[in-house]
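A.B. asks:
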Amino acid sequence: MEELKSRLPNAQFVDGSELIWKLRMVKLPSEIECMRKVCQITSEALDQGLQEIHEGMTEKEISRKISSLMLAAGAEAPGFIIICSGPGNYERISARATDRRIVRGDFVWLDVGANYQGYWSDFCRAGVVGGPTAEERRLQAIVHEVTMAACQKIAPGVPVAEVARECARQMEAHGFPMSFDCGRAGHGIGLMSTEPPSVADYDATILEPGMIITVEPGIVNELGCFDIEENVLVTEDGFEILSGASRDLYTIATV
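Residue numbers for the sequence shown follow this note's numbering, so the first one is 69 and each next one is one higher.
#1: Can you tell me whether Leu367 is helix, strand or coil according to DSSP?
#2: Kindly list the residues whose CB is nearer than 6 Å to the CB of His242, restricted to its own chain and excluding five residues on each side of it in sequence; keep chain order.
#3: Give every residue of the same chain whose Cβ lies closer than 6 Å to the Cβ of Trp177, excluding the five residues on either side of it in the sequence, and list them in chain order.
#4: For the alpha helix (DSSP H) that Ser189 lies in, which residues bound it at each end?
#5: For Pro265, count the other beta carbons within 10 Å of its own beta carbon; 16 or more makes it buried, fewer makes it exposed. Which is it?
#6: Starting from Thr319 and walking both ways along the beta strand (DSSP E), at which residues does that stretch end?
#7: Mapping DSSP to helix, strand and coil, what is Thr282?
#8: Considering only C-alpha positions, which residue in the set Lys105, Glu304, Ile222, Thr201 is nearest to Val51?
#9: Nearest-angstrom Cα distance between Met103 and Ser189?
#10: Go ahead and pull the three-state DSSP assignment for Pro277.
#11: Alpha helix (DSSP H) containing Asp115: first to last residue?
#12: To the nearest angstrom, report how far apart Gly199 and Trp89 are at their CA atoms.
#13: What residue from Ser131, Val197, Cys107, Cys219 has the CA that sits closest to Tyr184's CA?
#14: Taking the alpha-carbon of Gly278 as reference, which of Leu301, Thr262, Gly286 has the nearest alpha-carbon?
#15: Leaving aside the five residues before and after Ser261 along the sequence, list all residues of the same chain whose C-beta is less than 6 Å from its C-beta, in chain order.
#16: Exposed or buried, what is Arg172 when buried is set at 16 or more other beta-carbons lying within 10 Å of its beta-carbon?
#17: Quick check: does the Cβ of Glu213 come within less than 7 Å of any heavy atom belonging to the ligand GDP?
#18: Tell me which same chain residues have a C-beta within less than 7 Å of the C-beta of His212, skipping the five on either side of it?
In structure tokens, the structure reads:
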């Protein structure tokens, strides 16, 4: 940059990053189609993967399995996979794959993103080795209900902060404090897996058609990481969920 400035002594240099981010928030129709495709790829990989993994596999083996399925489905890069399993390991930020083998009763949570033509997906699904308990199903259902209630707030002209506030209201109505990872309940997505805006009370962004955000309220306790992240497109009259695969807890096979 300094060399460029020296070559253009009469030019005025200004920071255009804010403008660039604003432009990137609203996707063109061609970009939206890329986002649809990458979400489809990820949905297929998660659905197939959670049905094929089994007791005794390591987290690293599961990660490689999901990565290979995303590539087979059309991803152009293996993307990222955050995984946590087993009591005491339910972290949501930096839970990278380990050599730990999953055993009966383990809650296995996956936060996955694929890449297609430069565009990213980012959503979460989970299962329990041997099948979920009634309490695990109840908590998953609560998070699904809260997530959908927040999505119902998504429409042109709505402050993105209102989506975050609805997450908090709904969680509190169910008797749980809102767990805001990084101080937010979601984020923008596109050419990066995490972009502006933040789905947070402090973000002043007004939603517009063509924006794509994630919505991810969650409950983290000793039973597992209950977080059903969705990738959501703002449409002309509301919203469309791009992420797929079952929101119910999968039953992971035992051996």
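Glycine included, every Cβ here is placed at the ideal spot set by N, Cα and C.
C.D. replies: A quick look at the data gives this:
#1: A query on residue 367 cannot be resolved here, the shown segment of the chain reaching from 69 to 323 and no further.
#2: For His242, where only same-chain residues beyond five positions count, the Cβ hits under 6 Å are Ile210.
#3: When the five nearest sequence neighbours on each side are left out, the beta carbons in the same chain lying within less than 6 Å of the beta carbon of Trp177 are those of Cys152, Ala194, Cys293, in order along the chain.
#4: Annotation for Ser189: no alpha helix (DSSP H) segment contains it, and DSSP assigns it neither H nor E.
#5: So Pro265 ends up on the buried side.
#6: Thr319 -> beta strand (DSSP E) spans 318-320.
#7: Assignment of Thr282 by DSSP, reduced to helix, strand and coil, places it in the strand class.
#8: The displayed coordinates of the chain run from 69 to 323. Any statement about residue 51 would go beyond what the structure contains.
#9: In a straight line, the C-alpha of Met103 is about 7 Å away from that of Ser189.
#10: If DSSP states are grouped into helix, strand and coil, Pro277 belongs with coil.
#11: Secondary structure note for Asp115: its alpha helix (DSSP H) is the uninterrupted segment 97-120.
#12: Approximately 43 Å, taken between the alpha carbons.
#13: The candidate whose alpha carbon is nearest that of Tyr184 is Cys107.
#14: The residue with the shortest Cα to Cα distance from Gly278 is Leu301.
#15: Within the same chain, Ser261 has close Cβ partners Gly181, Trp188, Asp190.
#16: By the 16-neighbour rule on beta-carbons within 10 angstroms, Arg172 is exposed.
#17: As presented, the structure is devoid of all ligands, the ligand GDP included, so that no description of it is given.
#18: Answer for His212: Ile296, Arg315, listed in chain order.
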